[in-house]
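S.K.: Please read through the structure below; I'll follow up with questions.
There are 2 protein chains.
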Amino acid sequence: MTSWPDTRLCDLLGITLPLIQAPMAGPNDHALAVAAASAGALGSLPCAMLSSEQIRAEVARFRELALSRPLNLNFFCHRSPAPDATRDAAWRAALKPFYLELGLDPDMPLPAATRRPFDAESCALVEQLRPEVLSFHFGLPEPALLARVKATGARVLSSATTVDEARWLAGQGCDAIIAQGVEAGGHRGVFLGDDISTQPGTFALLPQIVDAVELPVIAAGGIADGRGMAAALTLGAAGVQIGTAYLLAPECKTPAVHRAALQSAAAEHTSLTNLFSGRPARGIVNRLMRELGPLSVLAPAFPQASAALAPLRAAAEARGSADFTPLWAGQAASLARAQPAAEITRRIAAEALRCLGQ
Amino acid sequence: MTSWPDTRLCDLLGITLPLIQAPMAGPNDHALAVAAASAGALGSLPCAMLSSEQIRAEVARFRELALSRPLNLNFFCHRSPAPDATRDAAWRAALKPFYLELGLDPDMPLPAATRRPFDAESCALVEQLRPEVLSFHFGLPEPALLARVKATGARVLSSATTVDEARWLAGQGCDAIIAQGVEAGGHRGVFLGDDISTQPGTFALLPQIVDAVELPVIAAGGIADGRGMAAALTLGAAGVQIGTAYLLAPECKTPAVHRAALQSAAAEHTSLTNLFSGRPARGIVNRLMRELGPLSVLAPAFPQASAALAPLRAAAEARGSADFTPLWAGQAASLARAQPAAEITRRIAAEALRCLGQ
């Protein structure tokens, strides 16, 4: 029988493997969470792009299929920006050539941007649904809401992209800290300041956070196989959070164009971009990023940038093109394997134990 | 008796610890190399900023003090840029307010930029001095010179910042590849393309290079203690290259203002900047980087940007200010300890073995 050198995370979260399936808003519904949970990891359900009704339905399906396994609900903690018609108009103007190229009306009405912050309604939902774990991105909810969350008995996690952020989160009562290295796919969790030029990689960030806080630290970013999991534990992590490695699993609703990019040489080239949402997030470099530059002052504030991209994305994807799709992926994307999520989970854990000499 | 799980690098380079003291042009003369070598690491002597005469003298001192230990000579492989008076003038104009503030004549004659590429003269010197190891940065020398280097029997190393670069270096006959993650201090070794927005962190880069080439891979970037060394070996590295962790050693000629920055909270915030030389390199954020932005189109081509900064740096350092000093440091700078270099070497190796359960 093999065993993990550090059981703090398993004990804290009620899991058998110190591995969290990273919430990935978009492709990740209950199916991925159930599969990861069935193999002993913590299954996560990203809620930022779901209505309360959808969250309720997804949680019900998870409970039905994963029986007594714990569940992590993930929420964003940004503040919704004030409407800014001038900025929105400049963004639409920048995208107009693409609209014309795809035969779309550049003045068509746009859908609302879909990411919503954790609010009183989310909190009431959490009080009803009683997830065992909540993870937050972009900081934490306001203190009154956080107190209500903690009163449910849920364990609270949040992402730190710097040592300062880790100290801040520890001071606010988090139960564990996710150290999100710059390798990570999707949105940077950064919430203190907005300078992403100084964001550290996992190798440097993780041990410094381990030294700075007493809490268990979960490594995220660049970890996509057992070697990475073992290396993170060697650096002092109590566990790991893995996302990109699951994107090719059949249980993940990864769009076909995204799946194809992950399986191509393009997956070796990711960068941080604010074009798709307004906040920096890591994805495989595609045409929009190349032509506007990955970081642009033109992109409206989070999450508003996504609105004017939605029609372009839909039209391009219908033609099999990933030109306007956010191809979220971490820097270890090329290590992802097309395998059922439970097998991915078991493979990574077994390989990690082997690397650790257990 | 403890032992390393992988002895390829020790066998290849004739060392007892799979650890290379990273060449750091500026503060790193024979004294640091001797101290690191005495503890069993590979001592390195950066040659890009030295004349042939200086290199000869430094090597002689190393041979005298380190006896039969192997030595690594490090050279840059950039191409010297064509003179560009317009760009130089624009750079001087951008720096003019700082010249005036420090009471310097903005039109004073400037020293020549000091970094020179590996050329026929360097090659003849290598043929005489016979270093056991040569490491190159920014690619490799032209094939005819490389063939002469290899004919001396020296082992040849070079840095890869991407998987593509690693494959290229392997194809050119390198004996081992240094995987330089984006966490690393000093100059990025990038030589294929110039897009630094896609440069991977060590956690992602290292295992992908290990998978892509048959050669031993040396991890660099973000490694400053035994945990990091053990984690790199766990990810498949045959050894590590460590620089920043030595900057506080008494054998390292680190300027006082640089030393002070390393020991302050500022060390938590580094970024890539092209201001000091014209090529992207990682250093602790200081006033020049804040005021011009760390990456600026104004900086002349490598190494020319350094010329107009030299008087500013000297004047500011004389007043105890690090405003214009390149404070090269990796993202794990806060883990550096003020200790003799031999002790640093032994501490890191012993801690790594402990972490590896040896």
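If you read the sequences in order, they're chains A and B.
Residue 1280 is where the first sequence starts when you use the numbering used here, and the numbers rise one by one after that.
Residue 1280 is where the second sequence starts when you use the numbering used here, and the numbers rise one by one after that.
Backbone N, C-alpha and C define an ideal beta-carbon position, used for all residues, glycine too.
At what residues does the beta strand (DSSP E) containing GLN1520 of chain A begin and finish?
M.R.: Residue 1520 of chain A sits at position 241 when you count from the first residue of the first sequence. Where GLN1520 of chain A is concerned, the enclosing beta strand (DSSP E) stretches over 1518-1521.
S.K.: For GLU1406 of chain B, return the contacting residues in chain A, with the cut-off set at a CB-CB distance below 8 Å.
M.R.: To locate residue 1406 of chain B, count along the second sequence from 1; it is residue 127. Under the 8 Å cutoff, chain A gives no residues; its nearest Cβ is about 37 Å from GLU1406 of chain B.
S.K.: Can you name the residues of chain A whose CB is closer than 7 Å to the CB of GLY1460 of chain B?
M.R.: Position 181 of the second sequence holds residue 1460 of chain B. The answer, in chain order, is GLY1480 and PHE1482.
S.K.: List the residues of chain B that ASP1504 of chain A touches, going by C-beta distances under 9 Å, in chain order.
M.R.: Taking the first sequence and counting its residues from 1, the one referred to as residue 1504 of chain A is at position 225. Here the neighbours are PRO1486.
S.K.: Going by DSSP, what residue range makes up the beta strand (DSSP E) through VAL1469 of chain B?
M.R.: For the purposes of this step, residue 1469 of chain B is identified with residue 190 of the second sequence, where counting begins at 1. From DSSP, VAL1469 of chain B is part of no beta strand (DSSP E); its letter is neither H nor E.
S.K.: Using the C-alpha atoms, what's the distance from LEU1484 of chain A back to ALA1445 of chain A?
M.R.: Taking the first sequence and counting its residues from 1, the one referred to as residue 1445 of chain A is at position 166. Taking the first sequence and counting its residues from 1, the one referred to as residue 1484 of chain A is at position 205. When rounded, the distance between both Cα atoms is 10 Å.
S.K.: With a threshold of 16 other CB atoms inside 10 Å of the CB of VAL1576 of chain B, please say whether the residue is buried or exposed.
M.R.: As a position in the second sequence, residue 1576 of chain B is number 297, starting the count at 1. Burial call: exposed.
S.K.: With a threshold of 16 other CB atoms inside 10 Å of the CB of ALA1430 of chain B, please say whether the residue is buried or exposed.
M.R.: The count along the second sequence starts at 1 and reaches residue 1430 of chain B at position 151. Classification of ALA1430 of chain B: exposed, given that the 10 Å Cβ count is below 16.
S.K.: Who pairs with ILE1457 of chain A in a beta bridge, going by DSSP?
M.R.: For the purposes of this step, residue 1457 of chain A is taken as the residue at position 178 of the first sequence. BP columns for ILE1457 of chain A point to A:SER1438 and A:ILE1497.
S.K.: Reducing DSSP to helix, strand and coil, say where TRP1447 of chain B ends up.
M.R.: Translated into positions along the second sequence, residue 1447 of chain B becomes position 168. It is helical.
S.K.: Who does TYR1563 of chain B pair with in a DSSP beta bridge?
M.R.: Translated into the one-based positions of the second sequence, residue 1563 of chain B becomes position 284. Checking the sequence, you will find Ile at residue 1563 of chain B rather than Tyr. Bridge partners of ILE1563 of chain B: B:THR1549.
S.K.: Ignoring anything shorter than 3 residues, give me the beta strand (DSSP E) runs that lie fully in the stretch 1383-1443 of chain A, in order along the chain.
M.R.: Listed in chain order, the complete beta strand (DSSP E) runs (minimum 3 residues) inside the stretch 1383-1443 of chain A are 1412-1416 and 1434-1439.
S.K.: Is MET1280 of chain A close to chain B, meaning its C-beta is less than 9 Å from at least one C-beta of that chain?
M.R.: For the purposes of this step, residue 1280 of chain A is taken as residue 1 along the first sequence, with counting starting at 1. Note that MET1280 of chain A has pLDDT 43, beneath the 50 cutoff, so the model's placement of it is unreliable and the number below is only indicative. So, not an interface residue.
S.K.: Quick one: which residues of the stretch 1605-1617 of chain B get their C-beta closer than 9 Å to a C-beta of chain A? List them in chain order.
M.R.: For the stretch 1605-1617 of chain B, which is checked against every Cβ of chain A, the residues closer than 9 Å are GLY1609, GLN1610, ALA1611, ALA1612, SER1613 and LEU1614.
S.K.: Judging by CA-CA distance, which residue of B:LEU1588, B:GLY1505, B:LEU1606 and B:ALA1327 is the nearest neighbour of ALA1372 of chain B?
M.R.: Looking up residue 1372 of chain B in the second sequence gives position 93. Cα-wise, what sits closest to ALA1372 of chain B is B:LEU1588.
S.K.: Quick check on the DSSP output: the beta strand (DSSP E) that includes GLY1319 of chain B runs from which residue to which?
M.R.: As a position in the second sequence, residue 1319 of chain B is number 40, starting the count at 1. Unbroken run through GLY1319 of chain B: none, as it is neither H nor E.
S.K.: Using CA coordinates, which residue listed in B:GLY1418, B:GLN1583 and B:LEU1298 is at the minimum distance from GLY1468 of chain B?
M.R.: Locating residue 1468 of chain B in the second sequence gives position 189, counting from the first residue. Among B:GLY1418, B:GLN1583 and B:LEU1298, the Cα nearest to that of GLY1468 of chain B belongs to B:GLY1418.
S.K.: Between THR1481 of chain B and PRO1385 of chain A, what straight-line distance do the alpha-carbon atoms span, to the nearest angstrom?
M.R.: Working through the second sequence from its first residue, we reach residue 1481 of chain B at position 202. Working through the first sequence from its first residue, we reach residue 1385 of chain A at position 106. Their backbone Cα atoms lie some 43 Å apart in a straight line.
S.K.: Assuming the contact rule is C-beta atoms closer than 8 Å, ALA1580 of chain A and PRO1420 of chain A should be a hit. Round their C-beta distance to whole Å, please.
M.R.: Looking up residue 1580 of chain A in the first sequence gives position 301. Looking up residue 1420 of chain A in the first sequence gives position 141. Contact doesn't hold; Cβ gap of about 19 Å is too wide.
S.K.: Could you check what DSSP says for MET1280 of chain B in three-state terms: helix, strand or coil?
M.R.: To locate residue 1280 of chain B, count along the second sequence from 1; it is residue 1. Caution is warranted here: a pLDDT of 43 is assigned to MET1280 of chain B, below 50, making its placement in the model unreliable, and the coordinate value is therefore given only provisionally. Residue state, collapsed to three classes: coil.
S.K.: Is the beta carbon of ALA1304 of chain B less than 9 Å from the beta carbon of ALA1327 of chain B?
M.R.: Position 25 of the second sequence, counted from the first residue, corresponds to residue 1304 of chain B. Position 48 of the second sequence, counted from the first residue, corresponds to residue 1327 of chain B. Yes, they are a contact pair.
S.K.: What residues match up with GLN1300 of chain B in a beta bridge as DSSP calls it?
M.R.: Within the second sequence, numbered from 1, the residue matching residue 1300 of chain B stands at position 21. Per DSSP, B:ILE1521.
S.K.: Does the CB of GLY1518 of chain A have a neighbour CB from chain B at under 9 Å?
M.R.: Start at 1 with the first residue of the first sequence, and residue 1518 of chain A comes out as number 239. No, because no Cβ of chain B sits closer than 9 Å to the Cβ of GLY1518 of chain A.
S.K.: Using CA atoms only, rank isn't needed, just tell me which of A:LEU1383, A:PRO1582 and A:LEU1606 is closest to ARG1394 of chain A.
M.R.: Walking along the first sequence from the start, residue 1394 of chain A turns up at place 115. Residue A:PRO1582 is the option with its Cα nearest to ARG1394 of chain A.
S.K.: Report the neighbours of GLU1547 of chain A on chain B: residues whose CB is nearer than 9 Å to its CB, in chain order.
M.R.: Position 268 of the first sequence, counted from the first residue, corresponds to residue 1547 of chain A. THR1441, VAL1442, ASP1443, THR1477, PRO1479 and GLN1487, listed in chain order.
S.K.: So, does the CB of SER1575 of chain A fall closer than 9 Å to a CB anywhere in chain E?
M.R.: Here chain E cannot be found, since the structure's protein chains are A and B.
S.K.: May I have the straight-line CA-CA distance separating ILE1521 of chain B from LEU1381 of chain A, to the nearest angstrom?
M.R.: The sequence position of residue 1521 of chain B within the second sequence is 242, counting from 1. The sequence position of residue 1381 of chain A within the first sequence is 102, counting from 1. Their Cα atoms are separated by approximately 51 Å.
S.K.: Along the chain, where does the beta strand (DSSP E) that runs through LEU1350 of chain A open and close?
M.R.: Position 71 of the first sequence holds residue 1350 of chain A. Start and end: 1350-1355.
S.K.: Using a Cβ cut-off of 8 Å, which residues of the stretch 1536-1564 of chain B contact any Cβ in chain A, in chain order?
M.R.: Listed by position along the chain: GLU1547, HIS1548, THR1549, SER1550, LEU1551 and VAL1564.
S.K.: What three-state label does DSSP hand GLY1515 of chain B in the structure shown?
M.R.: The sequence position of residue 1515 of chain B within the second sequence is 236, counting from 1. GLY1515 of chain B falls in the coil class under three-state DSSP.
S.K.: Would you report the Cα separation of LYS1669 of chain B and ALA1617 of chain A, rounded to the nearest angstrom?
M.R.: Any property of residue 1669 of chain B remains undetermined from this structure, which presents chain B solely from 1280 to 1637.
S.K.: Could you check what DSSP says for GLY1599 of chain B in three-state terms: helix, strand or coil?
M.R.: Taking the first residue of the second sequence as 1, we reach residue 1599 of chain B at position 320. Note: GLY1599 of chain B maps to coil in three-state DSSP.
S.K.: Compare the Cα-Cα distances from LEU1298 of chain B to each of B:VAL1536, B:LEU1404, B:ARG1366 and B:ALA1511 and report the closest residue.
M.R.: Position 19 of the second sequence, counting from 1, holds the residue named residue 1298 of chain B. Minimum Cα distance to LEU1298 of chain B is reached at B:ALA1511.
S.K.: With C-beta atoms as the reference, is ARG1633 of chain B less than 9 Å away from LEU1514 of chain A?
M.R.: Counting from one through the second sequence, the residue named residue 1633 of chain B turns up at place 354. Counting from one through the first sequence, the residue named residue 1514 of chain A turns up at place 235. Not closer than 9 Å, so no.
S.K.: Would you identify the three-state DSSP class for GLY1507 of chain A, choosing helix, strand or coil?
M.R.: On the first sequence, residue 1507 of chain A is found 228 positions in, with the first residue counted as 1. Correct three-state label for GLY1507 of chain A: helix.
S.K.: Alpha carbon to alpha carbon, how far is MET1280 of chain A from GLU1630 of chain B?
M.R.: For the purposes of this step, residue 1280 of chain A is taken as the residue at position 1 of the first sequence. For the purposes of this step, residue 1630 of chain B is taken as the residue at position 351 of the second sequence. Residue confidence for MET1280 of chain A is low, a pLDDT of 43 falling below 50, so the modelled location carries little weight and cannot support an answer.
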